[in-house]
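Participant:
2 protein chains.
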Amino acid sequence: MLDLATRAHNHSYRIDPVLRSLLDTDFYKFLMLQFIWLHYREVPVTFSLINRTANVRLADMIPEADLRAQLDHARTLRFTKSELIWLAGNTFYGQSGMFRPDFLAWLASYQLPSYQLAVKDGQYELTFSGPWAEVTLWEIPAVAIVNTLRNRQGLYRLSRFELDVLYSQAKTNLWRNLLQLREAGLSGLADFGTRRRHDYLYHEWAVLATRDVLGTAFSGTSNVLLAMRHDIEAIGTNGHELPMVVATLARTPEDLRASQYEVLARWQETYGGHLLISLPDTYGTTQFLTGAPDWVADWTGLRIDSKEPVAGGEEAITWWSMRGRDPRSKLILFSDGLDTTTMIALHHHFRGRVRTGFGWGTLLTNDFRGCHPRGADDLDPISLICKVTEANGRPAVKLSDNDAKPTGPPDEIERYRAVFGRSGVTHRPVLV
Amino acid sequence: MLDLATRAHNHSYRIDPVLRSLLDTDFYKFLMLQFIWLHYREVPVTFSLINRTANVRLADMIPEADLRAQLDHARTLRFTKSELIWLAGNTFYGQSGMFRPDFLAWLASYQLPSYQLAVKDGQYELTFSGPWAEVTLWEIPAVAIVNTLRNRQGLYRLSRFELDVLYSQAKTNLWRNLLQLREAGLSGLADFGTRRRHDYLYHEWAVLATRDVLGTAFSGTSNVLLAMRHDIEAIGTNGHELPMVVATLARTPEDLRASQYEVLARWQETYGGHLLISLPDTYGTTQFLTGAPDWVADWTGLRIDSKEPVAGGEEAITWWSMRGRDPRSKLILFSDGLDTTTMIALHHHFRGRVRTGFGWGTLLTNDFRGCHPRGADDLDPISLICKVTEANGRPAVKLSDNDAKPTGPPDEIERYRAVFGRSGVTHRPVLV
């Protein structure tokens with residue numbers, strides 16, 4: 043017996059929106075947005091979608107009309123009253139009033155700005171240009187929408203029975219990984235998997251399963267909507283776009299080197315003693331630490347996002363010790379392509395020497411490797427990012443600690459390398 | 043093909059909770075609770091469930107174990123962080139900061155207190171005793187739980203096909219009624235149907251359908267959870283329990299007569315110029331208006347809850363005019379067993395002479411009359427209430443404008459009648 047209304051609805055819906063709330067994004071985007079809104083609101087920027095898994099030809103797989111329908115739908119969303127009330131009233135990192143009333147008033151009329159979409163060589167060229175404060179919130183929805191639409195194409199090819207098997211396997215794997223993490227006594231694990239997730243519903247399942255298994259060892263989620271819906275701590279601080287855009291304002295090599303610390307000084311001024319986790323790898327961690335003013339060593343910790351994590355952690359510990367700080371009071375947050383084995387190894391390696399945290403992304407919310415019932419790779423995660431590529435009319439550049447991960451035009455990458463050097467930079471393959 | 047996990051879950055759940063959030067109650071309970079918490083926190087009271095539809099033998103229909111399991115589950119609930127943030131941050135009647143931080147801090151550790159349950163003559167004797175500020179929130183969940191459990195017994199006897207027909211008919215009827223209301227140009231309609239609803243999901247459907255059809259003519263919902271979840275205005279002010287409990291503190295006939303105005307004076311002092319809708323029928327509307335101090339006529343309006351509504355409205359208009367106030371600036375809120383025909387008649391009768399509002403309850407959220415596929419009356423609404431029956435060690439009494447609706451022991455009703463008189467009191471059958 044069928045529920046006729048449900049069946050008719052399921053078979054005739056115009057669109058199944060990937061994005062249903064503007065809170066369905068990473069928390070650090072809001073912290074950065076308020077910072078940008080205060081200090082750099084009108085700086086013109088361009089964000090671009092970049093598919094680092096070039097052999098997956100996204101434009102051949104996802105119909106352009108589907109992509110446009112989803113992007114257009116996202117632009118119809120507004121922050122709801124309840125969402126703004128929650129942003130105003132919730133505490134973040136134990137701190138109330140994190141967002142200023144004038145900023146929240148601005149958010150109340152916010153909508154995602156327009157986009158430019160073209161196709162080239164089987165890939166989508168999707169870009170967002172405009173004032174930084176308007177454009178920046180596109181990053182996560184853009185990546186999540188394209189990832190989800192690609193996954194849906196893979197799902198369309200499966201029968202109901204195969205779908206059942208697929209999800210059963212993915213859930214079984216995740217559950218087993220979570221039990222291993224609990225067994226190892228790992229703590230400080232947070233969900234960082236919004237942008238690369240399989241889709242929203244699987245993301246939600248993964249986060250609730252993690253909370254269920256890890257209990258207090260689960261420190262929270264970067265996803266603001268899930269944080270609100272399930273009373274979970276919202277986690278995040280800042281990302282590469284801040285030093286990348288501020289760097290484009292520099293006119294001399296000295297200014298360029300100094301810009302990576304200027305942005306931290308201003309961050310500290312904006313958020314006081316909270317949220318002091320630096321992200322030192324934008325132009326190379328080694329040069330960043332060597333040249334850092336002494337107050338940077340007073341920050342709570344740092345995030346290791348592109349360096350081999352044991353080496354990165356050791357380097358940070360040595361640096362804090364040399365600067366006369368006790369590493370045991372510091373926090374290292376690992377966030378680069380983590381899997382269970384790596385996290386457990388890092389946990390054992392650094393135990394008792396430094397506090398560790400783990401921002402688990404793709405392989406928490408989209409680990410379908412080996413789950414496809416016919417062995418296809420349709421649903422394996424790909425390395426899709428949306429980054430600032432231009433600011434103030436100049437190309438934006440990220441070098442990172444991994445030669446496989448820089449973004450920017452080759453001549454600009456060379457110019458930045460000449461200023462920042464190659465100290466500590468290696469080459470590691472990018473999985474996700 | 044079946045989703046095995048869903049099927050196994052559906053067929054083996056231990057409990058399907060009727061109450062899933064402490065916000066799933068009427069908004070006026072929170073306004074009253076804060077008032078009680080400020081002024082009468084420790085006053086000992088007893089609330090009792092009363093089934094005025096005596097021929098429906100609830101204890102013969104609902105297994106006691108089921109009822110206890112639901113009541114026990116309700117006692118495990120706490121206000122979530124997101125719910126408290128919303129109460130703190132939302133505006134009510136355009137007013138921010140309606141709830142004091144110290145009151146919200148108290149709510150954070152609140153749980154529904156214990157209950158006493160016995161069976162007598164085929165009816166449940168369900169009572170709640172303790173400090174007023176703790177007991178009062180049981181009113182709505184107690185009624186909603188018993189009503190929902192009774193309805194489930196009715197639903198258990200239907201096949202899947204019959205269930206489909208049942209809901210199709212109920213929705214069709216509601217939709218037609220809503221179109222009639224829109225056609226008549228009626229406005230100011232609010233949902234007051236939480237306690238008597240069919241169940242939560244049908245309630246939600248009814249509220250969203252009403253918003254869909256009536257648009258801005260729908261003024262809001264008394265249900266706090268629905269208000270939060272769907273960004274709807276929360277509606278409500280105060281109820282009979284305030285004058286009923288305060289009356290038990292009176293020692294002389296003069297004090298007793300005065301107590302009905304004392305409670306209003308204190309309300310006005312607590313909430314300032316907002317929420318000034320009086321409920322004059324507790325001890326009879328006519329005596330209330332005749333004896334009212336002049337400042338009562340300055341209030342925004344009044345609610346007519348037991349008098350024949352045209353007569354009640356006319357009486358109010360005459361009273362405002364006699365007191366030198368312009369009735370066209372006043373609001374009359376009708377809330378007693380309304381149906382579509384009555385609301386449209388009242389709308390036409392009073393148009394241009396006074397502002398009207400309609401608190402639509404049972405017949406919005408539980409009108410299954412004539413929908414049962416085998417013509418049974420299992421799912422017709424019954425007149426179930428949960429009222430304060432004792433306070434300060436003395437019986438609590440409500441007289442109302444309808445001789446069919448008083449509550450209290452006969453000798454006490456007589457004592458109150460002697461003080462307040464019978465002016466304007468009639469006898470009308472109680473439908474819902």
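Chains as they are written, first to last, in my numbering: chain A, 43 to 474; chain B, 43 to 474. Just so you know, even glycine gets a beta-carbon here, dropped at the ideal spot from N, CA and C.
Please decide whether D273(A) counts as near chain B, where near means a Cβ-Cβ distance under 7 Å.
Facilitator: Closer than 7 Å: yes.
Participant: Quick one: what's got a C-beta closer than 8 Å to A446(A)'s C-beta in the same chain, skipping five residues either side?
Facilitator: Cβ neighbours of A446(A) beyond the five flanking positions: H469, R470, P471 and V472.
Participant: Return yes when the Cβ of A101(B) is within less than 7 Å of the Cβ of I57(B), no when it is not.
Facilitator: Contact: no.
Participant: When you compare only the Cα positions, how much space is there between G326(B) and F89(B)?
Facilitator: The alpha-carbon atoms of G326(B) and F89(B) are separated by roughly 22 Å.
Participant: Counting pairs of Cβ atoms below 8 Å between the region 61 to 80 of chain A and the region 258 to 268 of chain A, do you hit three or more?
Facilitator: Yes, since at least three Cβ pairs between the region 61 to 80 of chain A and the region 258 to 268 of chain A fall closer than 8 Å, the two stretches touch.
Participant: Just to confirm my understanding: we take Y397(A), look at its own chain, exclude 5 residues before and 5 after, and list those with CB closer than 6 Å. What are they?
Facilitator: Per the sequence shown, the amino acid found at residue 397(A) is Arg instead of Tyr. These residues qualify, in order along the chain: L373.
Participant: Locate the beta strand (DSSP E) running through W341(B), then write down its first and last residues.
Facilitator: Segment: none, W341(B) is in no beta strand (DSSP E) and carries neither H nor E.
Participant: Assuming E246(A) and S261(A) make a contact with CB atoms under 8 Å, what is their CB distance in whole Å?
Facilitator: Going by Cβ atoms, the distance from E246(A) to S261(A) rounds to 18 Å, so no, they are not a contact pair.
Participant: Are the C-beta atoms of K162(A) and some chain B residue less than 7 Å apart?
Facilitator: No - not a single Cβ of chain B is within 7 Å of the one on K162(A).
Participant: Give me the Cβ distance between L318(B) and Q329(B), rounded to the nearest whole Å; I'm assuming they're in contact under 8 Å.
Facilitator: Their Cβ separation, rounded to whole angstroms, is 21 Å, which puts L318(B) and Q329(B) out of contact at 8 Å.
Participant: Nearest to L213(B) by alpha carbon, out of W180(B), R237(B), V255(B) and F234(B)?
Facilitator: Looking at the sequence provided, one finds Lys at residue 213(B) rather than Leu. Among W180(B), R237(B), V255(B) and F234(B), the Cα nearest to that of K213(B) is on V255(B).
Participant: Curious, which full-length beta strand (DSSP E) runs of at least 3 residues does the region 385 to 448 of chain B contain?
Facilitator: List check, beta strand (DSSP E) in window: 397 to 402 and 426 to 433.
Participant: Taking only beta-carbon atoms, is K123(A) less than 7 Å away from chain B?
Facilitator: It does: the Cβ of K123(A) has a partner Cβ on chain B nearer than 7 Å.
Participant: Quick one: does G131(B) have its CB under 7 Å from some CB of chain A?
Facilitator: Yes - at least one Cβ of chain A is within 7 Å of the one on G131(B).
Participant: List the residues of chain A that I127(B) touches, going by C-beta distances under 7 Å, in chain order.
Facilitator: Within chain A, the residues near I127(B) are I127, W128, G131 and N132.
Participant: Give the DSSP bridge partners of T468(B), in chain order.
Facilitator: For T468(B), which the question treats as bridged, DSSP gives the partners N444(B).
Participant: Just to make sure I have the definition right: I need the residues of chain A whose C-beta is within less than 7 Å of the C-beta of M270(B). Which are they?
Facilitator: Those within 7 Å of M270(B) in chain A are S124.
Participant: Given a cut-off of 7 Å on the beta-carbon distance, is the pair L80(A) and F121(A) in contact?
Facilitator: No.
Participant: Since I believe R395(B) is in contact with I359(B) (beta carbons under 8 Å), could you give me their beta-carbon distance rounded to a whole number of angstroms?
Facilitator: With a Cβ gap of about 6 Å, I359(B) and R395(B) count as contacting.
Participant: Taking the alpha carbon of F462(B) as the reference point, which residue from T332(B), T258(B) and T383(B) has its own alpha carbon closest?
Facilitator: The shortest C-alpha separation from F462(B) is found at T332(B).
Participant: Please list the terminal residues of the continuous beta strand (DSSP E) segment that includes N93(B).
Facilitator: Start and end: P86 to N93.
Participant: Thinking just about the alpha-carbon of each residue, which of Q165(A), H414(A) and S210(A) is nearest to the one in A507(B)?
Facilitator: Residue 507(B) lies beyond the stretch modelled for chain B, which goes from 43 to 474, so this question has no answer here.
Participant: Going by beta-carbon coordinates alone, are F410(A) and F376(A) separated by less than 7 Å?
Facilitator: For F410(A) and F376(A), no; Cβs fall outside 7 Å.
Participant: Count the CB pairs spanning the region 409 to 424 of chain A and the region 184 to 203 of chain A that are closer than 8 Å, and state whether there are at least three.
Facilitator: These segments touch.
Participant: When the Cα of V430(B) is compared with those of A387(B), M286(B), T383(B) and G403(B), which residue comes out closest?
Facilitator: The candidate whose alpha carbon is nearest that of V430(B) is M286(B).
Participant: Measuring CA to CA, which of T384(A), S320(A) and V338(A) is closest to E350(A)?
Facilitator: The option with the nearest alpha carbon to E350(A) is T384(A).
Participant: I'd like to confirm the pairing. Which residues does DSSP put opposite Q329(B) in its beta bridges?
Facilitator: Beta-bridge pairing links Q329(B) to no other residue.
Participant: Along the beta strand (DSSP E) that carries G262(A), what are the first and last residues, could you check?
Facilitator: From DSSP, the beta strand (DSSP E) with G262(A) extends over F260 to T263.
Participant: What residue range does the alpha helix (DSSP H) around E106(A) cover?
Facilitator: Its alpha helix (DSSP H) spans residues E106 to T118.
Participant: Using a Cβ cut-off of 9 Å, pull out every chain A residue sitting near D233(B), in sequence order please.
Facilitator: Residues of chain A passing the Cβ test: none, with the nearest at roughly 18 Å.
Participant: Listed from N- to C-terminal order along the chain, which residues in the region 192 to 223 of chain B have their beta-carbon within a distance smaller than 8 Å of any beta-carbon of chain A?
Facilitator: If the cut-off is 8 Å between Cβ atoms, the region 192 to 223 of chain B has R202, F203 and D206 near chain A.
Participant: So which residues of chain B does D45(A) contact, with C-beta pairs closer than 8 Å?
Facilitator: Chain B residues near D45(A): D206.
Participant: Might you give, ordered along the chain, the residues of its own chain that have their beta carbon closer than 7 Å to the beta carbon of R18(B), omitting 5 neighbours on each side?
Facilitator: Any answer about residue 18(B) is impossible in this case: the structure gives chain B only from 43 up to 474.
Participant: What separation, rounded to the nearest whole angstrom, lies between the Cα atoms of A147(B) and Y303(B)?
Facilitator: Approximately 30 Å between the Cα atoms of the pair.
Participant: Taking the alpha-carbon positions, what's the L200(B) to F69(A) distance?
Facilitator: About 48 Å.
Participant: Note the first and the last residue of the continuous beta strand (DSSP E) segment covering G172(B).
Facilitator: Unbroken beta strand (DSSP E) run through G172(B): Q165 to P173.
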